[in-house]
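Novice:
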Amino acid sequence: MTDSTGNGPRGGSGQDGAGGGPDRGDAGARQPARRRVTLTGISSRAWEHPADRGALVALRELRGFDEILRKFFGLFNERYFRMKYLGSSIRANGWQYSRVHALYLEAAAALDAGEPADLPELYISQTPFANAGAFGMDKPFIVVNSATVQMMDDDELRFVLGHELGHIRSGHAVYHTLLVWLLELMRGLNWIPLGALALRGIVAALMEWYRKAELSSDRAGLLAGQDPAAALRVHMKFAGGGDLSDIDTAAFLAQANEYDRANGDLRDSLVKLMLLEASTHPMPVARAAELRRWVETGEYRRVLSGDYPLREDDADASVSEEVKAAAKSYQDAFARSQDPLAGLLRRFGDGANVAGEWAKAGADKLRAWVSGDARRGEDPGGDDR
Numbered sequence: 001m002t003d004s005t006g007n008g009p010r011g012g013s014g015q016d017g018a019g020g021g022p023d024r025g026d027a028g029a030r031q032p033a034r035r036r037v038t039l040t041g042i043s044s045r046a047w048e049h050p051a052d053r054g055a056l057v058a059l060r061e062l063r064g065f066d067e068i069l070r071k072f073f074g075l076f077n078e079r080y081f082r083m084k085y086l087g088s089s090i091r092a093n094g095w096q097y098s099r100v101h102a103l104y105l106e107a108a109a110a111l112d113a114g115e116p117a118d119l120p121e122l123y124i125s126q127t128p129f130a131n132a133g134a135f136g137m138d139k140p141f142i143v144v145n146s147a148t149v150q151m152m153d154d155d156e157l158r159f160v161l162g163h164e165l166g167h168i169r170s171g172h173a174v175y176h177t178l179l180v181w182l183l184e185l186m187r188g189l190n191w192i193p194l195g196a197l198a199l200r201g202i203v204a205a206l207m208e209w210y211r212k213a214e215l216s217s218d219r220a221g222l223l224a225g226q227d228p229a230a231a232l233r234v235h236m237k238f239a240g241g242g243d244l245s246d247i248d249t250a251a252f253l254a255q256a257n258e259y260d261r262a263n264g265d266l267r268d269s270l271v272k273l274m275l276l277e278a279s280t281h282p283m284p285v286a287r288a289a290e291l292r293r294w295v296e297t298g299e300y301r302r303v304l305s306g307d308y309p310l311r312e313d314d315a316d317a318s319v320s321e322e323v324k325a326a327a328k329s330y331q332d333a334f335a336r337s338q339d340p341l342a343g344l345l346r347r348f349g350d351g352a353n354v355a356g357e358w359a360k361a362g363a364d365k366l367r368a369w370v371s372g373d374a375r376r377g378e379d380p381g382g383d384d385r
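Note that full-length UniProt numbering gives residue 7 to position 7 of the sequence shown, counting from 1, and the numbers run on in steps of one.
(1) Three-state secondary structure (DSSP) at GLY171?
(2) Using only CA atoms, which one of PHE252, LEU105, SER216 and ARG169 lies nearest to LYS232?
(3) Could you work out which residue in LEU161, HIS281 and ASP316 is closest to ALA239 when comparing CA atoms only?
(4) Does the beta-carbon of TRP209 have 16 or more other beta-carbons within 10 angstroms, so that it is buried, or is it exposed?
(5) Tell me the rounded alpha-carbon separation between ARG24 and LYS84.
(6) Thinking C-beta only, is LEU244 closer than 8 Å to LEU291?
(7) Below 8 Å between beta carbons: does that hold for VAL57 and VAL160?
(8) So what does DSSP say about PHE159, is it helix, strand or coil?
(9) Comparing alpha-carbon positions, which option in ARG35, VAL37 and GLY41 lies nearest ASP314?
(10) Considering only residues of the same chain and omitting the five flanking positions on each side of PHE129, which have a CB-CB separation below 8 Å?
(11) Beta-carbon within less than 8 Å of ARG53's beta-carbon, same chain only, minus the 5 sequence neighbours each way: which residues are those?
(12) Let me make sure I understand the geometry here. Which of SER279, ARG261, ASP227 and LEU304 has the alpha-carbon closest to that of ALA213?
(13) Can you list, in chain order, the stretches of the alpha helix (DSSP H) that have 4 or more residues and sit fully within the stretch 208-292?
(14) Can you tell me which of LYS272, GLN150 and LYS139 puts its alpha carbon nearest to the alpha carbon of LEU165?
(15) Given ASN93, which residues of its chain have a CB within under 7 Å of its CB, disregarding the five upstream and five downstream residues?
(16) Taking the alpha-carbon positions, what's the ALA224 to GLY162 distance?
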């Protein structure tokens, strides 16, 4: 275990910030450096949500697929966005936006994302709305809106930068591009009912995958900053603005629980589905709750302790095992959900199981009766009259 600015053994037991972040102070001022674990050789599989990881491992098995997308996208779209931000934004480095650049290097060092000279370029865009994004595939780069820089303190901004690095390291841009193309294709096929319906199902599945990709990158951001309290504050600020002086963390998390319950009304469950159908991002309260759950299950501390998959072993990842893990994650989420629709489906499933067991028992008795019990004059129900 070493400081995140040096090289050292895999994992460690350094301060992970689980007890809360430092005093926030001035969001524009450089705060004292905190000791972070360097996650040497860490694979993106360590932070990818099971549903995201299963899809990525399967898609990576399609040799050449991502390379084709990279080359095609890089010919036009990537050059367009690169020239746009090169001409309209400020590239952060050691002498421009030096505070942001220093935090970027710290986040990258914690994730062992490479030498400073090899990292994706970082741009600051003059935009009044807080946001950030990762662009490109052949030569990816990160853009952070100026409102985000002004709104976030050091620990919070480190989480944001780590989140975007997580997108790049996982290769999400490749498959997000596929999603964009399919969306455009679906609009063009709206006049063909069956074609549009089939494509709509594919797009819905990709949307669901991308929402899980956002949860993956939240985990990457937490591993980069190693301060759960700061990660929670980021979601609170994106939900309600930069001033948290009159915001209560417990109330925010209770709001997340209320969102999950949907007020116990099946109609609210359906509204939630409608809101999420065309959304690439989960709701901020849901993201905060999911990240908190990842910490509370012990997965976050396990990774910090050095128990994580390595990049050098990525080629050996089992598609079948990852698909099983994805299925289990959905099963677990369904089982713990307080949503009324999920509860109804669980009760329906329990009823179906009971009916299935009853039918199986009846069939067994019938088979036994047909095979010989009838010759003794017994009733298949097994009861004397």
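Note that the Cβ used here is the ideal one computed from N, Cα and C, for glycine as well.
Specialist: This is what the structure holds:
(1) As a position in the sequence shown, residue 171 is number 171, starting the count at 1. Residue state, collapsed to three classes: coil.
(2) Position 232 of the sequence shown, counted from the start, is the residue given in the question as residue 232. In the sequence as displayed, the identity of residue 232 is Leu instead of Lys. Answer by Cα proximity: PHE252.
(3) The residue you call residue 239 lines up with position 239 of the sequence shown. Selected option, being the one with the closest Cα: HIS281.
(4) Within the sequence shown, numbered from 1, the residue matching residue 209 stands at position 209. Classification of TRP209: buried, given that the 10 Å Cβ count is 16 or more.
(5) The sequence position of residue 24 within the sequence shown is 24, counting from 1. The sequence position of residue 84 within the sequence shown is 84, counting from 1. Model confidence at ARG24 stands at a pLDDT of 40, short of 50, so the residue's coordinates are unreliable; what they give is reported in the following sentence. Going from the Cα of ARG24 to the Cα of LYS84 covers about 34 Å.
(6) Position 291 of the sequence shown holds residue 291. Position 244 of the sequence shown holds residue 244. It is not a contact, given that the beta carbons lie outside the stated cut-off.
(7) In the sequence shown, the residue the question calls residue 57 occupies position 57. In the sequence shown, the residue the question calls residue 160 occupies position 160. For VAL57 and VAL160, no; Cβs fall outside 8 Å.
(8) Counting from one through the sequence shown, the residue named residue 159 turns up at place 159. Here PHE159 sits in helix by DSSP.
(9) Sequence index remark: in the sequence shown, residue 314 carries index 314 (1-based). When only C-alpha atoms are compared, the closest one is GLY41.
(10) The count along the sequence shown starts at 1 and reaches residue 129 at position 129. Counting only Cβ-Cβ distances below 8 Å, and skipping sequence neighbours, we find ASN145 and ALA147.
(11) By one-based count along the sequence shown, residue 53 stands at place 53. Excluding positions up to five away in sequence, the list reads ARG45, SER216, GLU322, ALA325 and ALA326.
(12) What you label residue 213 is simply residue 213 of the sequence shown in a count that begins at 1. Of the listed residues, the one whose Cα sits closest to ALA213 is SER279.
(13) 228-240, 249-261 and 266-277
(14) For the purposes of this step, residue 165 is taken as residue 165 along the sequence shown, with counting starting at 1. Taking only the C-alpha atoms, the option nearest LEU165 is LYS139.
(15) As a first step, residue 93 must be located in the sequence shown, where it is residue number 93. HIS101, listed in sequence order.
(16) Locating residue 224 in the sequence shown gives position 224, where the first residue counts as 1. Locating residue 162 in the sequence shown gives position 162, where the first residue counts as 1. Approximately 5 Å, taken between the alpha carbons.
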